[in-house]
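Working notes, beginning with the structure itself.
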Amino acid sequence: MAKYSLPRGTKDYLKEECARYDYINNVLSEMATLYGFEHIQTPIFEHTDVFTRSVGESSDIVNKEMYTFLDKGGRSITLRPEGTAGVCRAYVENKCYATCEIPFKAYYSGPVFRYERPQAGRYRQIHQFGFEVIGVKNPYLDVEIILLAHQSLLALGITNYVFKLNCIGDDESRNNYKQALKEYFEPHLNELCEDCKVRFIKNPLRILDCKVDGDKEVIKNAPRISKYLTEDSKNYFVKVCMLLDKYQVPYEIDQSLVRGLDYYTGTVFEIACLGPNGENFGAIGGGGRYDNLIKEFDGPDTPAFGMAFGMERLLLIMDKYNLFNADLIRTFSYCMPIGEENMEYASFICNYLRSNGFPCDIDYRNRSIKAMFKTVDKRHAQFALIIGDDERKNNTVNVKNNETKEQVNIKFEQLIPFFENYFNNFSKHHDECHCDECKGE
RNA sequence: GCGGAUGUGGCGAAGCGGCCUAACGCACCUGACUGUGACUCAGGCAUUCGAGGGUUCGAAACCCUUCAUCCGCCCCA
-14 MAKYSLPRGT KDYLKEECAR YDYINNVLSE MATLYGFEHI QTPIFEHTDV
36 FTRSVGESSD IVNKEMYTFL DKGGRSITLR PEGTAGVCRA YVENKCYATC
86 EIPFKAYYSG PVFRYERPQA GRYRQIHQFG FEVIGVKNPY LDVEIILLAH
136 QSLLALGITN YVFKLNCIGD DESRNNYKQA LKEYFEPHLN ELCEDCKVRF
186 IKNPLRILDC KVDGDKEVIK NAPRISKYLT EDSKNYFVKV CMLLDKYQVP
236 YEIDQSLVRG LDYYTGTVFE IACLGPNGEN FGAIGGGGRY DNLIKEFDGP
286 DTPAFGMAFG MERLLLIMDK YNLFNADLIR TFSYCMPIGE ENMEYASFIC
336 NYLRSNGFPC DIDYRNRSIK AMFKTVDKRH AQFALIIGDD ERKNNTVNVK
386 NNETKEQVNI KFEQLIPFFE NYFNNFSKHH DECHCDECKG E
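Residues -14 to 426 (the working numbering) make up the first sequence, in order.
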């Protein structure tokens, strides 16, 4: 066993897993671009109060899950537990409200940290791919982001998910509702768990999210937000639902959904997706409207909407459903020098191909042909280049197409034209062909 | 943060106080086959049982501590 091991709840992404991660990241980036988003990056740590003020004192994230430490200058620093707060801080700090196009549409991708007890699909360092739109309040926008998530999942091949949707209302609605909840729960305080007693004071909305008392009549019978929504909030949400119907997005309304972050207002959602055997790995993504957050960071009063995917959850779900191609990792060609004495020529060929832009790798271990062919298969190489005494003496390369198993002896100076020709035919085939294999590309 | 289970080579797994210098299967390496991937056959591949300590004449097995993983709760991505 290794003397040095990973910190709990973290993991190494080795080649295959990294290739899968990159694949998802690419699909989502392309989707973001399709919807008019631009890439931004913010630091993975911020001053602690960036999160306490936005994510909220009553949230579990701030209460018990943050990686917070003092830096050498005595500042309280926190590894970001989510992406939105940093984006909003950056938006205000860089005065994007004045210098950028409104709405400000940005996507980001990277690690976030939460100190939780690890489980399957749950880590302390996870990666989120998120989208934020700052500057617009319009049901069409809420729906645009949900559509973006919807289309992204379809592009990844994920199908059996559902958007759980709720409206937690504007300030007025929520204040009315909080008041009603307080009045309702006050006489029942003793029936609630310890956590909920704290929630009662800090944010009674949280009580609805409690699973400990989830079955208890008290919570079941609690007033519903829908009754306390202002006309505006109600109409807005109805419009959102109507549009989702129109676009045939799979969603259901879940009035107990309040989200674990305090900054949400209005439309909120989580994406639930079960494994092939009904396993529940938690939400694969979530988000919502946060109309007060920019103001909270001392920016102008600006509405906003955002969402994020959990990369680890996507990775897990896609793996369970076998949605990854087997050959995400591939080598175009692999040089097989037969015997030490052919190493020099083989190495020359390999570098020659590389300098002409054709990916190539070479076997350095003076192994048997059998062993090298196994490597060719394992690395999904398109071509095996067999280089032995005959080839070296005649300045040729024995090129074996690993797919068709056809083998030709090619003069050194014909190598590049040969591969160029191969590529041209390949893309020509690609353009004209409508077979299943090519359609998806 | 709470409750439960588990930890033996790259992987799966037997062994549950001495015959363990750790079975078996897969994978891997070498050769039979001086240059074509299969099959077959022969051989190789854990001084060591997550780590540290203790009990014992003797420990992978028993005890303690610790680390990690998995499941449930909580929460979410």
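For each residue, glycine too, the CB sits at the ideal point set by N, CA and C.
Proximity below 8 Å, CB of residue i to CB of residue j
i      : j      : result
Pro28  : Glu50  : no
Val77  : Asp346 : no
Ala207 : Tyr249 : no
Phe403 : Val384 : yes
Thr37  : Tyr52  : no
Glu237 : Lys149 : yes
Gly154 : Leu246 : no
Gln136 : Gly295 : no
Cys152 : Phe222 : yes
Tyr275 : Glu129 : no
Phe116 : Ala17  : yes
Leu190 : Val225 : no
Glu297 : Ile111 : yes
Thr193 : Ser241 : Looking at the sequence itself, residue 193 is Leu, so the reference to Thr does not match. A contact, by the Cβ cut-off of 8 Å.
Ile279 : Cys3   : no
Phe290 : Arg5   : no
Lys318 : Pro344 : Sequence inspection shows Ser at residue 318; the Lys mentioned does not correspond to that position. Cβ atoms of Ser318 and Pro344: closer than 8 Å.
For residue j and residue i, the rounded distance between their alpha carbons
i        : j       : result
Glu405   : Ser39   : 55 Å
Cys81    : Met321  : 56 Å
Asp127   : Pro235  : 15 Å
Gly68    : Phe98   : 10 Å
Leu132   : Leu228  : 10 Å
Asp239   : Gln26   : 33 Å
Gln367   : Ile256  : 39 Å
Arg109   : Pro103  : 7 Å
Gly273   : Ala293  : 10 Å
Glu23    : Leu(-1) : 28 Å
Glu15    : Pro124  : 24 Å
Val253   : Asn409  : 49 Å
Asn351   : Leu370  : 15 Å
Met(-14) : Ser94   : Model confidence at Met(-14) stands at a pLDDT of 44, short of 50, so the residue's coordinates are unreliable; what they give is reported in the following sentence. Whole-angstrom Cα-Cα distance: 33 Å.
Phe185   : Leu13   : 39 Å
Glu426   : Val382  : Legend: pLDDT at Glu426 = 38, less than 50; position of this residue unreliable, no value from coordinates given.
Pro288   : Gly251  : 11 Å
Element boundaries [beta strand (DSSP E), containing residue i]
i      : result
Thr250 : Here Thr250 belongs to no beta strand (DSSP E), and DSSP marks it neither H nor E.
Gln113 : Gln110 to Ile119
Gln26  : Gln26 -> no beta strand (DSSP E), and no H or E assigned at all.
Val243 : From DSSP, Val243 is part of no beta strand (DSSP E); its letter is neither H nor E.
Lys396 : Gln392 to Lys396
Glu237 : Tyr236 to Ile238
Arg274 : Asn265 to Arg274
Leu150 : Tyr146 to Cys152
Element boundaries [alpha helix (DSSP H), containing residue i]
i      : result
Leu301 : Met296 to Lys305
Lys0   : Lys0 to Leu19
Glu129 : Pro124 to Leu141
Ser39  : Thr33 to Ser39
Glu157 : Asp156 to Phe170
Ile372 : It is not in any alpha helix (DSSP H) - Ile372 instead sits in the beta strand (DSSP E) that spans Phe368 to Ile372.
Touch test, the segment 357 to 368 against the segment 330 to 342, Cβ-Cβ under 8 Å, three pairs minimum: Contact fails: fewer than three Cβ-Cβ distances are below 8 Å.
Sequence ranges, beta strand (DSSP E) only - wholly within the segment 326 to 366, length at least 3: 345 to 347
The segment 142 to 156 in contact with the segment 257 to 265 per 3-pair CB rule at 8 Å: yes
Cβ contact check for the segment 288 to 304 and the segment 136 to 143: 3 or more pairs under 8 Å: yes
Complete runs of the alpha helix (DSSP H) confined to the segment 41 to 96 [at least 4 residues]: 45 to 49, 69 to 78 and 81 to 84
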